[in-house]
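Chemist: For the sequence shown, our numbering begins at 1 and goes up steadily by one.
C-beta: ideal position from N, C-alpha, C; glycine also.
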Amino acid sequence: MTAPYPVSILDLATVRHGQPIAQSLKESTELAVLADELGFHRLWFAEHHNMETIASSATSVLLAHMGAHTTNIRLGAGGIMLPNHAPLVIAEQFGTLHELYGDRIDLGLGRAPGTDQKTLMALRRTNQSAERFPSDVLELQSYLKGESRIPGINAYPGSGTNVPLIILGSSHFGAQLAAQLGLTYSFASHFAPQLLESAAALYRSEFKPSEGLAEPYFIAAANVIVADTQQRADELWERAKRARIRTMLGRGRQLTDDEVEQLVHSVPGQQVLQMLEMTAVGTPNVVREWLDDFASRVNADELIVTNMAGPLEDRRRALQLMSEHIIQR
1 MTAPYPVSIL
11 DLATVRHGQP
21 IAQSLKESTE
31 LAVLADELGF
41 HRLWFAEHHN
51 METIASSATS
61 VLLAHMGAHT
71 TNIRLGAGGI
81 MLPNHAPLVI
91 AEQFGTLHEL
101 YGDRIDLGLG
111 RAPGTDQKTL
121 MALRRTNQSA
131 ERFPSDVLEL
141 QSYLKGESRI
151 PGINAYPGSG
161 TNVPLIILGS
171 SHFGAQLAAQ
181 LGLTYSFASH
191 FAPQLLESAA
201 ALYRSEFKPS
211 EGLAEPYFIA
221 AANVIVADTQ
231 QRADELWERA
241 KRARIRTMLG
251 RGRQLTDDEV
261 EQLVHSVPGQ
271 QVLQMLEMTA
281 VGTPNVVREW
291 LDDFASRVNA
301 DELIVTNMAG
311 PLEDRRRALQ
321 LMSEHIIQR
C-alpha cells in the first residue's frame, strides 16, 4: 500500500553552523540522489538572498546540477520569486531545464522578495514590484506556451515547453490568484501556518478549470523530524529550533551558543518558533499519523516536507524511514 498522497521534499540547501557552502551543496546532492531512489514525488529548492545559512539563491543553476544526478524525481523551484526577475529570463532558464530533463521540471512562483529590504534594492527591485506579480505570471506562462503576449519576443529555450506553473503563497492573495488562473497552489505552512485552512478552502471554492488543470490541486507544507526513537527525534528537534533562532535572529553576526539559548526563551525567539507550528516530530508511526491528520484536515492533494533532522546521517535516515513507513506502507 502506498500513501494516500504524494510526498515531496523542500530543500533549502541549508548551510549549517561553521559548515562550508560546498559541503552543504554536496549533502543536498547526496540527499537528492537518495530521495530519487526512495520514490519521493518531487524535490524543490527555494530562492533566498543574502542569507548565510541558505545556499539555494541561484535556484535554476542548482536544479540543473540535481537533474544531472537524478533520474525520476520531479525537480522544481519552491519557488522562484518572480518579481526579482524578468519573466523572459525565467522562461529561458526553466525552458532550458525542460530541454535537459523533460517533463520532470516544475516552476513554483512566489511574489515575496525572499530577502530583506536592503537586499531588495541590490536586486534592482522596488516595493511596487510585487504589484506586477499577476501580470508577470501571465507573461511567463505565455512564453512557455509559445503564445507570447509581446509580439516578436519569444523564449528560446522555453517556447512550447509548457513547464507547469505552481503558485506559492501564505495568504489569501495566492489562493485566489491560483484559483483564477486554474493553477496548482502550494501553501507555505512550514513557516507561515496562520491562514492555511482558510486559504485552502478559498482556493478550492474559487477554482476555475484551465487547459492544464481540470480540478484544484493543493499542496501543503510541513516540517518533519523522524528518527528511530522518540528520544533521538526530540534531540534533533531541540537542535533544529536553535538553528532556526540562529538563522532568523543572528543575521549579520555570529551568535554564541549561550546567546542562542537566551534567545530561545525571549519574546522574539518564541515568535520565531511559533512559525514552526506545523512540525511533526517522532518515530515513523507518530509522524505518519501526524501527516495523515494534517493532510486530511486541509484536504491536501500532496504534502511537501522539509527534512529538519540536522546532521547528514540523521537526514538520510529520516528519508529512509519516511519512504518505508509513509510513502510505502
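(1) Take L312 and list the residues in its own chain whose beta-carbon comes closer than 6 angstroms to its own, dropping the five residues that flank it on each side.
(2) Are the stretch 249-258 and the stretch 191-201 touching by the rule of at least three beta carbon pairs closer than 8 angstroms?
(3) Terminal residues of the continuous alpha helix (DSSP H) containing V137?
(4) From what residue to what residue does the alpha helix (DSSP H) around M248 run?
(5) Cβ atoms of G146 and I105: under 9 angstroms apart, would you say?
(6) What is the rounded straight-line gap between the Cα of I153 and the Cα of S210?
(7) Determine, using beta carbons only, whether A300 and A214 come nearer to each other than 9 angstroms.
(8) When we look at the beta-carbon of T71 and count the other beta-carbons within 10 Å, is it buried (16 or more) or exposed?
(9) What are the boundary residues of the alpha helix (DSSP H) that includes S24?
(10) Does G102 pass the burial test, meaning 16 or more other C-beta atoms within 10 Å, or should it be called exposed?
(11) Going residue by residue through the stretch 71-130, where are the continuous beta strand (DSSP E) segments of at least 3 residues, counting only ones entirely within it?
(12) Rounded to the nearest angstrom, what separates H41 and K208 at their Cα positions?
(13) Mind checking G79: buried by the 16 CB within 10 Å criterion, or exposed?
(14) Between the stretch 82-94 and the stretch 153-169, are three or more C-beta pairs nearer than 8 angstroms?
(15) I need the straight-line Cα distance from V298 to A220, nearest angstrom please.
(16) Between which residues of its own chain and L25 is the CB-CB distance below 7 angstroms, once the five residues before and five after are set aside?
(17) Report the three-state DSSP secondary structure of Q328 (helix, strand or coil).
(18) Under 8 angstroms Cβ to Cβ from N285, same chain only, skipping five residues before and after it: list those, please.
(19) Select from T96, A130, L273 and D11 the residue whose C-alpha is nearest the C-alpha of G310.
(20) Just tell me which of S205, W237 and Y185 has its CA closest to the CA of F218.
(21) At the level of alpha carbons, what is the spacing between E206 and N223?
(22) So L97 packs on G67, CB below 8 angstroms; how close in whole Å?
(23) In whole angstroms, what is the alpha-carbon distance linking G108 and I167?
(24) Could you compute how far the alpha carbon of L43 sits from the alpha carbon of L165?
(25) Measuring CB to CB, does R246 end up less than 9 angstroms from L255?
(26) Which partner residues of S8 appear in the DSSP bridge assignment?
(27) Report the three-state DSSP secondary structure of S60 (helix, strand or coil).
(28) Rounding to the nearest angstrom, what Cα-Cα distance links S148 and S142 in this structure?
(29) Along the chain, where does the beta strand (DSSP E) containing V267 start, and where does it finish?
(30) Taking the alpha carbon of E238 as the point to measure from, which residue in H65, A130, M308 and S171 has its own alpha carbon closest?
(31) To the nearest angstrom, report how far apart E302 and P6 are at their CA atoms.
(32) What is the residue span of the beta strand (DSSP E) that G169 lies within?
(33) Run the CB neighbour count on I21, radius 10 Å, all protein chains shown included, and call it buried at 16 or more, exposed below.
(34) For the alpha helix (DSSP H) containing F294, name the first residue and the last one.
Modeler: Result, derived from the coordinates:
(1) Excluding sequence neighbours, L312 sits near E27.
(2) Put simply, the stretch 249-258 does not touch the stretch 191-201. Fewer than three CB pairs are less than 8 angstroms apart.
(3) Counting along the chain, the alpha helix (DSSP H) containing V137 begins and ends at F133 to K145.
(4) That run of the alpha helix (DSSP H) goes Q230 to L249.
(5) At a Cβ-Cβ threshold of 9 angstroms, I105 and G146 do not count as neighbours.
(6) Answer to the nearest angstrom: the Cα atoms are 24 angstroms apart.
(7) Taking 9 angstroms as the Cβ cut-off, A300 and A214 do not qualify as a contacting pair.
(8) A residue is called buried once 16 or more other Cβ atoms fall within 10 Å of its Cβ, and T71, having fewer, is exposed.
(9) Its alpha helix (DSSP H) spans residues I21 to L38.
(10) Exposed, since its Cβ has fewer than 16 Cβ neighbours within 10 Å.
(11) For secondary structure counted as the beta strand (DSSP E) over 3 or more consecutive residues, the stretch 71-130 holds these complete runs in sequence order: 74-81 and 105-110.
(12) Annotation: H41 to K208 spans about 25 angstroms, alpha carbon to alpha carbon.
(13) Result: buried.
(14) Taking 8 angstroms as the limit for Cβ pairs, the verdict is that the stretch 153-169 does touch the stretch 82-94.
(15) Straight-line spacing of the CA atoms in V298 and A220 works out to 8 angstroms.
(16) Within the same chain, L25 has close Cβ partners A13 and A55.
(17) Here Q328 carries a strand assignment [DSSP, helix/strand/coil].
(18) H325.
(19) Minimum Cα distance to G310 is reached at D11.
(20) Ranked by how close their Cα comes to the Cα of F218, the residues S205, W237 and Y185 have Y185 in first place.
(21) Near 28 angstroms, if we compare the C-alpha coordinates of N223 and E206.
(22) That belief holds up - the Cβ atoms of L97 and G67 are roughly 7 angstroms apart, short of 8 angstroms.
(23) Going by the C-alpha atoms only, they are around 6 angstroms apart.
(24) Computed Cα separation, rounded: 15 angstroms.
(25) Yes.
(26) DSSP lists I304 as partners of S8.
(27) Helix.
(28) About 5 angstroms.
(29) Here V267 belongs to no beta strand (DSSP E); instead the alpha helix (DSSP H) covers V267 to Q274.
(30) Comparing Cα positions, the closest option is M308.
(31) Straight across, the Cα-Cα distance linking E302 with P6 is about 5 angstroms.
(32) It spans L165 to G169 - the beta strand (DSSP E) in which G169 sits, taken as one unbroken run.
(33) Burial call: exposed.
(34) The continuous alpha helix (DSSP H) containing F294 extends over residues P284 to V298.
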